[in-house]
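These protein sequences, in sequence, are chains A, B and C. FYI, the numbering for the first sequence is 43 to 89, going by our numbering. FYI, the numbering for the second sequence is 282 to 505, going by our numbering. FYI, the numbering for the third sequence is 12 to 236, going by our numbering. C-beta: ideal position from N, C-alpha, C; glycine also.
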Amino acid sequence: MKNLDSVFAAYLFAWGIFFVYYLSVARRASALRDELKQLKDSLNRGK
Amino acid sequence: MALLSNTAVLLGKELRTEFRSRELLTTTVVFILIVVVLFSFTFDPTSAESRRFAGSLLWLAFLFAASLMLQPCFLREQNNDTLSALRLSVSDPFTIFVAKLAANTLFLLLTELLMLPVFSILFNVPICPVFGRLVLVLFLGSLGVSIAGTALSAVSAQARMRELLLPLLLLPLLTPVLVASTQVTVGLLDAQPFMEWKGIEFLVVFDVVFFTALWLLGEYLLEE
Amino acid sequence: MAKHALGSAIVVLLLVAAAYGAFFIAPTDVKQGLIYRILFLHVSSAWAGLTAFFICFVGNLMYVWRRAPQWDWLGTSAAEVGLAFTTVVLVTGPIWAHPVWGIWWTWDARLTSTFVLWLLYVSYLLLRTLVEEPDRRALFSALFGIFAFLDVPLVFGSIRWWRTQHPQPVVMGGPGTGLDPTMWKVLFFSWMAMLALMTLLLLARYKLEAMRGDLDIVRREAEAA
């Protein structure tokens, strides 16, 4: 079927974009969590 | 009304500041000339085509010039530390915006009117038969550019990379103004000139919407 | 954690169901054949993106009014998520246009307006990186966000008018092409699936922004100590 590959490509690209975005949010969140933990630990050590 | 008289006073100050040195007007006019010349290198301005492109190029040149010309609007106040004095001098901060956008509209209109005959000669498009209607679209377009530009100039003055930020914020926002103004102007510069009133409608709507938004939100733009 | 996994699973299921509907339930289009099925993805993403930008607008208005940081977090999260959906619209547009028209890009009204929309919210996010002071950043981006959203109908309206003056190939089929009832049902379901995805992404992004807010507080404590 002609154009089927275009439709597939569209869906793959779309889901790919959403997945990459979700990963980017998850990665930033984990980096923030680490930094938060580090800061809290150093604060507690200081106290 | 206090608003009108205060605006008049502030507008007078803006005009006096500019006409003392005329640096903004001169540099803007020269910039538009440079842009026009550069444009002419990028395509072949033969008679038939240049009529079609003249209107578009005119507005592109004006937009680029405006996004540079509007930079000093609040930056000047920031650098000279006069913004707080300005804020204290009026009861309604909106007065400051009205004065500045009136001044900016005037300056823009002045540069555009100065450039019109030059453009007419360089691209062989007659403007005399449609001069009145051209001034109308120039006024409405410049007003739209000034309203958005004055508001965003207050934002960019307090940010980093302000020279790049103002065009970045302003130009996408002004898309409707560019589209509508260009359509009207192209119609007026056509071999058989005609008036696109729909475009004028869009410009009026844009001006009203953003003027109202500025009226409602202007004080927050000038918050300490 | 479990709630989050369940939520993600539901969203994935909805997306798969929407894709199934697009491929197998919706009937074939007479004019465009198979390729039109991109519509279910393209249009539902566009609507979900606009919904996200509307949420951003609400967040912006509420921030200017209330000044609670949570509204700023909502605004910026919604803007980013909206941008993700708008990117999908801009990518699927050319994928659709190329087999039908032989060109990758056509300055048709909807694609052009979507491009401007995309640029507006990219500027919104860029503005945020260029204002250092957090309260000022929140206020200024909220104000610009309000201007940007007010501009959206004007952008779409003026570009559509411009395009009626200078017609171009229309990506989604011009006047006269309609959707039959089954197609509308599939489209509506796709939109619901996209809204579910939007909610999931928005929640995740909001949590990230809330964490950043917490981090600022802890950092200030650490500096004071």
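Is residue i close to chain C, meaning its C-beta is less than 8 Å from at least one C-beta of that chain?
| i | result |
| --- | --- |
| residue 301 of chain B | no |
| residue 504 of chain B | yes |
| residue 489 of chain B | no |
| residue 439 of chain B | yes |
| residue 81 of chain A | yes |
| residue 374 of chain B | no |
| residue 508 of chain B | In this structure chain B extends from 282 to 505, so residue 508 of chain B is not present and cannot be described. |
| residue 356 of chain B | no |
| residue 494 of chain B | yes |
| residue 436 of chain B | yes |
Listing by chain order, which chain B residues have their CB less than 7 Å from the CB of residue i?
| i | result |
| --- | --- |
| residue 77 of chain C | What residue 77 of chain C touches in chain B: nothing, since even the nearest Cβ is about 12 Å away. |
| residue 166 of chain C | 456 and 457 |
| residue 176 of chain C | 464 |
| residue 61 of chain C | Within 7 Å Cβ-Cβ: nothing; residue 61 of chain C doesn't reach chain B, min ~16 Å. |
Name, please, each residue of chain C whose Cβ falls closer than 9 Å to the Cβ of residue i.
| i | result |
| --- | --- |
| residue 85 of chain A | 229, 232, 233 and 236 |
Name the chain C residues that come within less than 8 Å of residue i, Cβ to Cβ?
| i | result |
| --- | --- |
| residue 55 of chain A | 99, 102, 103 and 106 |
| residue 60 of chain A | 95, 99, 208 and 212 |
| residue 479 of chain B | 172 |
| residue 442 of chain B | 141 |
| residue 74 of chain A | 219, 222, 223 and 226 |
| residue 486 of chain B | 165 |
| residue 390 of chain B | Near residue 390 of chain B there are no residues of chain C at all, since even the closest Cβ is about 22 Å away, more than 8 Å. |
| residue 446 of chain B | 137, 138 and 141 |
| residue 379 of chain B | Within chain C, no residue comes near residue 379 of chain B; the closest Cβ sits about 17 Å away, beyond 8 Å. |
| residue 460 of chain B | 169, 170, 172 and 173 |
As a quick exercise: from the options, pick the residue whose alpha carbon is nearest that of residue i.
| i | options | result |
| --- | --- | --- |
| residue 205 of chain C | C/96, C/18 and C/128 | C/96 |
| residue 224 of chain C | C/145, C/199 and C/156 | C/145 |
| residue 55 of chain C | C/104, C/171 and C/215 | C/104 |
| residue 310 of chain B | B/410, B/491 and B/349 | B/349 |
| residue 111 of chain A | C/84, C/178, C/222 and C/109 | Examination of residue 111 of chain A is not possible in this model, given that chain A is present from 43 through 89 alone. |
| residue 29 of chain C | C/106, C/67, C/48 and C/69 | C/48 |
| residue 489 of chain B | B/425, B/454, B/502 and B/472 | B/425 |
| residue 501 of chain B | C/151, C/174, C/162 and C/231 | C/151 |
| residue 50 of chain A | C/45, C/118 and C/93 | C/45 |
| residue 155 of chain C | C/199, C/169 and C/131 | C/131 |
| residue 413 of chain B | B/427, B/428 and B/397 | B/397 |
| residue 199 of chain C | C/58, C/122 and C/107 | C/58 |
| residue 475 of chain B | B/284, B/408 and B/372 | B/408 |
| residue 430 of chain B | B/415, B/452 and B/359 | B/452 |
| residue 172 of chain C | B/303, B/301 and B/479 | B/479 |
| residue 140 of chain C | C/87, C/122, C/106 and C/218 | C/87 |
| residue 124 of chain C | B/456, B/308 and B/341 | B/456 |
List the residues of chain C that residue i touches, going by C-beta distances under 7 Å, in chain order.
| i | result |
| --- | --- |
| residue 453 of chain B | 127, 130, 131 and 134 |
| residue 78 of chain A | 222, 225, 226 and 229 |
| residue 472 of chain B | Going along chain C, no residue has its Cβ under 7 Å from residue 472 of chain B, so there is no contact; the nearest lies around 16 Å. |
| residue 46 of chain A | 45 |
| residue 449 of chain B | 134 and 137 |
So with CB distances below 8 Å, who are the chain A contacts of residue i?
| i | result |
| --- | --- |
| residue 52 of chain C | 52, 53 and 56 |
| residue 56 of chain C | 56 |
| residue 21 of chain C | The contacting residues do not exist; residue 21 of chain C stays about 15 Å from chain A at best. |
Excluding the 5 residues preceding and the 5 following residue i in the sequence, name in chain order all residues of the same chain whose CB lies nearer than 7 Å to its CB.
| i | result |
| --- | --- |
| residue 332 of chain B | 406, 470, 471 and 472 |
| residue 174 of chain C | 119 and 120 |
| residue 93 of chain C | 60, 63, 64, 67 and 132 |
| residue 393 of chain B | 343, 419 and 423 |
By Cβ distance, which residues of its chain are closer than 8 Å to residue i, with the 5 residues on each side in sequence left out?
| i | result |
| --- | --- |
| residue 288 of chain B | 376, 379, 380 and 383 |
| residue 481 of chain B | 417, 418, 421, 461 and 465 |
| residue 443 of chain B | 352, 356 and 437 |
| residue 491 of chain B | 425, 428, 429 and 432 |
Using a Cβ-Cβ cut-off of 8 Å, state whether residue i counts as contacting chain B.
| i | result |
| --- | --- |
| residue 160 of chain C | no |
| residue 121 of chain C | no |
| residue 155 of chain C | yes |
| residue 151 of chain C | yes |
So with Cβ pairs under 8 Å, would you call residue i a contact of chain A?
| i | result |
| --- | --- |
| residue 110 of chain C | yes |
| residue 201 of chain C | no |
| residue 114 of chain C | no |
| residue 66 of chain C | no |
With a threshold of 6 Å on Cβ separation, who are the neighbours of residue i within its own chain once the five nearest residues in sequence on each side are excluded?
| i | result |
| --- | --- |
| residue 187 of chain C | Any reading at residue 187 of chain C is ruled out, since the residue's pLDDT is 45, under 50, leaving its predicted position unreliable. |
| residue 142 of chain C | 148 and 151 |
| residue 352 of chain B | 447 |
Please list, in chain order, the chain A residues whose beta carbon lies closer than 9 Å to that of residue i.
| i | result |
| --- | --- |
| residue 215 of chain C | 64, 67, 68 and 71 |
| residue 30 of chain C | 53 and 57 |
Taking C-beta pairs closer than 7 Å, name the residues in chain A that residue i reaches, listed in chain order.
| i | result |
| --- | --- |
| residue 147 of chain C | Chain A residues near residue 147 of chain C: none, gap ~22 Å exceeds 7 Å. |
Three-pair Cβ contact test at 8 Å for the segment 371-388 of chain B versus the segment 458-471 of chain B: no
The segment 309-316 of chain B contacting the segment 433-453 of chain B, beta-carbon criterion three pairs below 8 Å: no
Segment contact flag, the segment 193-207 of chain C with the segment 481-501 of chain B, C-beta cutoff 8 Å, min 3 pairs: no
Contact between the segment 456-463 of chain B and the segment 432-439 of chain B (3+ Cβ pairs under 8 Å): no
Three-pair Cβ contact test at 8 Å for the segment 98-112 of chain C versus the segment 53-72 of chain C: yes
Cβ pair count under 8 Å reaching 3, the segment 131-140 of chain C against the segment 153-168 of chain C: yes
Cβ contact check for the segment 62-70 of chain A and the segment 30-38 of chain C: 3 or more pairs under 8 Å: no
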